[in-house]
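**Q**
Shown next as structure tokens:
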């Protein structure tokens, strides 16, 4: 069964259509990479799925439940979805440990000791155990983004939304974050990632969706969409990416 | 090679020597210009034709000694009132600011009341609020009326609460929306987001202007003397009326400055610290 099913999503910002009858289905344990130019609607799609932006039309189902129904409590939905942002969005006034344990303690009502033990275990696994008591501004961008991923994982989400998580990083720090996402895939995590890393999308994604002007123009296995695109818009986009040396 | 093994180059040695000479030169210039200005000021003031009469009526050491105990006991009232009113106004300001951020139609009356409160009490002169509360309210002759001092304190809290609410609100609005998105994406409710993510950052950011308003409050608490209680300035006024000498005012002024110094120093320290934090320290 599909874990996430988006049907006919529409979103406008001040008369500008950002999502235009967009359909997207993600099966459990599947990794879907959403690619496309800036402004093609990738981030808006992820924000709508997490109910951070309100839809103008269409439905979103998570685990068969219509979460776009206004009667659904959005806080309850978001507990099942982890989201990681391009600019990390760590809480600057909290230590790494407190960033991670905030939701488990306040949302899931776990005890401090239990939440901290879980957080330390997750940090150890990604090699950041020594940074538990540091504040975010003392970490490199790559470390901050890995902490942000751990923070989302601490909620044990069913689905992870990754919004261009390596776009703000220096090139030499991109690898450590991508390695972590690779491990998540190996663990069977269901993920939707908006990305500009075409090489990584090809390697890790089960399906690639090319978004243009708020619509899915082309989707399929990465070899097909990135290797032998059938749509002129996709070819044009990939040509520019190759010219920029990113594929 | 480690940092300690580093042998500075010829050019670096020349630069260091030049900078040392410049530092010594700057200190000398600062010292002599300060001395020159100080001398000029002393000559201008003490050489003025009326200096002797001014010194007698404003700087009489005997009268200063005599006035000190009553002015000090007045100042004690200022201090007690300041502590109570500062705590009360900070709490009231925080509550009003949070109420103004509440969303949803249910909270419309609360939002409107909070907004109306900040508009009214920031516009209303403190003296009028004081008179209304300390003279008007007792006139109602209700049972269990608090003493005038408490009513005066309430007037101060109401007036300053309005200013502080706006400072808190500015802090709340300065927290970037991406922080809210991150908190909500973790499943935190609006209240939890305010309590654990927005307010801690907001309060830290506006601590310097908040403390600045407390320094201003320190001077305004004395206005309760308009309703009867004797604060430091009022005590000085009484002493002056008895001796026809203005020295008690100078005594009160000096005491006020001494009282303000620690608070201002704390404000400066907090400002400096938050500036350092923001630059990534």
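Protein chains in written order, with the working numbering: chain A, 187 to 433; chain B, 38 to 318.
Beta carbons are placed, not taken as given, at the ideal position from N, Cα and C, and that holds for glycine.
Since this is a predicted model, take the numbers as computed values, not measurements.
#1: Look at residue 115 (chain B) and residue 258 (chain B) and say whether their C-beta atoms are less than 7 Å apart.
#2: For the alpha helix (DSSP H) holding residue 76 (chain B), just list the boundary residues, first then last.
#3: Going by Cα to Cα distance, which pick from B:209, B:230 and B:169 is closest to residue 219 (chain B)?
#4: Run the CB neighbour count on residue 49 (chain B), radius 10 Å, all protein chains shown included, and call it buried at 16 or more, exposed below.
#5: Alpha carbon to alpha carbon, what distance is there between residue 240 (chain A) and residue 270 (chain B)?
#6: According to DSSP, is residue 144 (chain B) part of a helix, a strand, or is it coil?
#7: Considering only residues of the same chain and omitting the five flanking positions on each side of residue 248 (chain B), which have a CB-CB separation below 8 Å?
#8: Assuming the contact rule is C-beta atoms closer than 8 Å, residue 226 (chain B) and residue 261 (chain A) should be a hit. Round their C-beta distance to whole Å, please.
#9: Taking 6 Å as the cut-off, is the C-beta of residue 374 (chain A) nearer than that to any heavy atom in the ligand HEM?
#10: Can you list, in chain order, the residues of its chain with a C-beta nearer than 7 Å to that of residue 45 (chain B)? Leave out the 5 residues immediately preceding and following it.
#11: Going by DSSP, what residue range makes up the alpha helix (DSSP H) through residue 376 (chain A)?
#12: How far does the beta strand (DSSP E) with residue 211 (chain A) in it extend, from its first residue to its last?
#13: If we define contact as Cβ-Cβ less than 7 Å, is residue 261 (chain A) a contact residue for chain B?
#14: Check each candidate in B:199, B:186 and B:111 and name the one with the smallest Cα separation from residue 132 (chain B).
#15: Measuring CB to CB, does residue 297 (chain B) end up less than 7 Å from residue 194 (chain B)?
#16: Near residue 197 (chain A), what residues of its chain come up, given a Cβ to Cβ distance below 7 Å and the 5 sequence neighbours on each side ignored?
#17: What do you get for residue 429 (chain A), buried or exposed, if any count of 16 or more other CB atoms within 10 angstroms of its CB means buried?
#18: Look at the alpha carbon of residue 373 (chain A) and the alpha carbon of residue 217 (chain A), and state the distance between them as a whole number of angstroms.
#19: For the region 213-236 of chain B, list every residue whose C-beta sits within 7 Å of some C-beta in chain A, in sequence order.
#20: Contact between the region 331-351 of chain A and the region 279-294 of chain A: three or more CB pairs below 8 Å?
#21: Cβ atoms of residue 151 (chain B) and residue 140 (chain B): under 7 Å apart, would you say?
#22: Residues of chain A with a CB under 8 Å from the CB of residue 310 (chain B): which are they?
#23: Once you ignore the five residues that flank residue 83 (chain B) on each side, which residues in its own chain have a CB closer than 8 Å to its CB?
#24: Which value, in whole angstroms, describes the spacing of the CA atoms of residue 202 (chain B) and residue 155 (chain B)?
#25: Using a Cβ distance threshold of 8 Å, determine whether the region 59-76 of chain B contacts the region 415-422 of chain A, with at least three qualifying pairs required.
#26: By Cβ distance, which residues of its chain are closer than 8 Å to residue 302 (chain A), with the 5 residues on each side in sequence left out?
#27: Give the residues of chain A in contact with residue 241 (chain B), contact being defined as C-beta atoms less than 8 Å apart.
#28: Beta strand (DSSP E) containing residue 263 (chain B): first to last residue?
#29: If I follow the unbroken alpha helix (DSSP H) through residue 298 (chain A), where does it start and stop?
#30: Can you round the beta-carbon distance between residue 222 (chain B) and residue 269 (chain A) to whole angstroms, since I take them to be within the 8 Å contact cut?
#31: Take residue 88 (chain B) and list the residues in its own chain whose beta-carbon comes closer than 8 Å to its own, dropping the five residues that flank it on each side.
#32: Pull out every residue of the region 265-279 of chain B whose Cβ sits closer than 8 Å to any Cβ of chain A, in chain order.
#33: Counting only Cβ-Cβ distances shorter than 8 Å, please list the residues of the region 350-372 of chain A near chain B, keeping chain order.
#34: How is residue 353 (chain A) classed by DSSP in three states: helix, strand or coil?
#35: With distance defined between alpha-carbon atoms, name the residue in B:79, B:73, B:74 and B:113 nearest to residue 255 (chain B).
#36: Taking the alpha-carbon of residue 271 (chain A) as reference, which of A:390, A:251 and A:379 has the nearest alpha-carbon?
**A** In short, the structure shows the following:
#1: Reading the second chain from its first residue, position 78 is the one you call residue 115 (chain B). Reading the second chain from its first residue, position 221 is the one you call residue 258 (chain B). Going by C-beta atoms, residue 115 (chain B) is nearer than 7 Å to residue 258 (chain B).
#2: Stepping through the second chain from its first residue, residue 76 (chain B) is reached at position 39. 47-83 is the span of the alpha helix (DSSP H), which, as asked, contains residue 76 (chain B).
#3: In the second chain, counting from the first residue as 1, residue 219 (chain B) sits at position 182. It is B:230.
#4: The sequence position of residue 49 (chain B) within the second chain is 12, counting from 1. Residue 49 (chain B) should be labelled exposed.
#5: Within the second chain, residue 270 (chain B) is the residue found at index 233, counting from 1. Within the first chain, residue 240 (chain A) is the residue found at index 54, counting from 1. Cα-Cα distance, rounded: 59 Å.
#6: Taking the first residue of the second chain as 1, we reach residue 144 (chain B) at position 107. In the structure shown, residue 144 (chain B) sits in a helix (DSSP, three-state: H, G or I).
#7: By 1-based counting over the second chain, the position of residue 248 (chain B) is 211. Closer than 8 Å at the Cβ level, and outside the excluded window around residue 248 (chain B), lie 300, 303, 304 and 307.
#8: Numbered from its first residue, the second chain carries residue 226 (chain B) at position 189. Numbered from its first residue, the first chain carries residue 261 (chain A) at position 75. So it is a contact: roughly 5 Å between Cβ atoms.
#9: The ligand content of the structure shown is nil, which means the ligand HEM is not present either.
#10: Here residue 45 (chain B) is taken as the residue at index 8 of the second chain, counted from 1. There are no such residues.
#11: As a first step, residue 376 (chain A) is located in the first chain; it is residue number 190 there, counting from the start. It is not in any alpha helix (DSSP H) - residue 376 (chain A) instead sits in the beta strand (DSSP E) that spans 376-380.
#12: In the first chain, counting from the first residue as 1, residue 211 (chain A) sits at position 25. Segment 202-213, the beta strand (DSSP E) holding residue 211 (chain A).
#13: Taking the first residue of the first chain as position 1, residue 261 (chain A) is located at position 75. It does: the Cβ of residue 261 (chain A) has a partner Cβ on chain B nearer than 7 Å.
#14: What you label residue 132 (chain B) is simply residue 95 of the second chain in a count that begins at 1. With distances taken between Cα atoms, residue 132 (chain B) lies closest to B:199.
#15: For the purposes of this step, residue 297 (chain B) is identified with residue 260 of the second chain, where counting begins at 1. For the purposes of this step, residue 194 (chain B) is identified with residue 157 of the second chain, where counting begins at 1. Not in contact: residue 297 (chain B) and residue 194 (chain B) (Cβ atoms no closer than 7 Å).
#16: Here residue 197 (chain A) corresponds to residue number 11 of the first chain, with the count starting at 1. So the qualifying residues of the chain are 204, 205, 230, 234, 239, 241 and 242.
#17: Position 243 of the first chain, counted from the start, is the residue given in the question as residue 429 (chain A). Exposed: under 16 other Cβ atoms inside 10 Å.
#18: For the purposes of this step, residue 373 (chain A) is taken as residue 187 along the first chain, with counting starting at 1. For the purposes of this step, residue 217 (chain A) is taken as residue 31 along the first chain, with counting starting at 1. So the two alpha carbons sit approximately 12 Å from each other.
#19: 215, 216, 218, 219, 221, 222, 223, 224, 225, 226, 229, 233 and 234
#20: yes
#21: As a working note, residue 140 (chain B) is residue 103 in the second chain. As a working note, residue 151 (chain B) is residue 114 in the second chain. No, the pair does not count as a contact, with Cβ atoms beyond the cut-off.
#22: As a working note, residue 310 (chain B) is residue 273 in the second chain. Here the premise fails: no neighbours, minimum Cβ distance about 13 Å.
#23: Residue mapping note: residue 83 (chain B) aligns to position 46 of the second chain, counting from 1. Contacts found: none.
#24: Taking the second chain and counting its residues from 1, one reaches residue 202 (chain B) at position 165. Taking the second chain and counting its residues from 1, one reaches residue 155 (chain B) at position 118. Going by the C-alpha atoms only, they are around 7 Å apart.
#25: no
#26: As a working note, residue 302 (chain A) is residue 116 in the first chain. Hits under 8 Å: 283 and 287.
#27: Counting from 1 along the second chain, the entry for residue 241 (chain B) is found at position 204. Simply 279.
#28: In the second chain, the residue the question calls residue 263 (chain B) occupies position 226. First-last for residue 263 (chain B): undefined, no H or E at that position.
#29: One-based indexing of the first chain puts residue 298 (chain A) at position 112. Run containing residue 298 (chain A): 298-311, per the alpha helix (DSSP H) assignment.
#30: Within the second chain, numbered from 1, the residue matching residue 222 (chain B) stands at position 185. Within the first chain, numbered from 1, the residue matching residue 269 (chain A) stands at position 83. That pair is a contact at about 4 Å.
#31: On the second chain, position 51 is the one that residue 88 (chain B) refers to. Around residue 88 (chain B): 82.
#32: none
#33: none
#34: Your numbering for residue 353 (chain A) matches position 167 in the first chain. It is coil, neither helix nor strand.
#35: Position 218 of the second chain, counting from 1, holds the residue named residue 255 (chain B). Ranking B:79, B:73, B:74 and B:113 by Cα distance to residue 255 (chain B) puts B:113 first.
#36: In the first chain, the residue the question calls residue 271 (chain A) occupies position 85. Nearest option by C-alpha distance: A:379.
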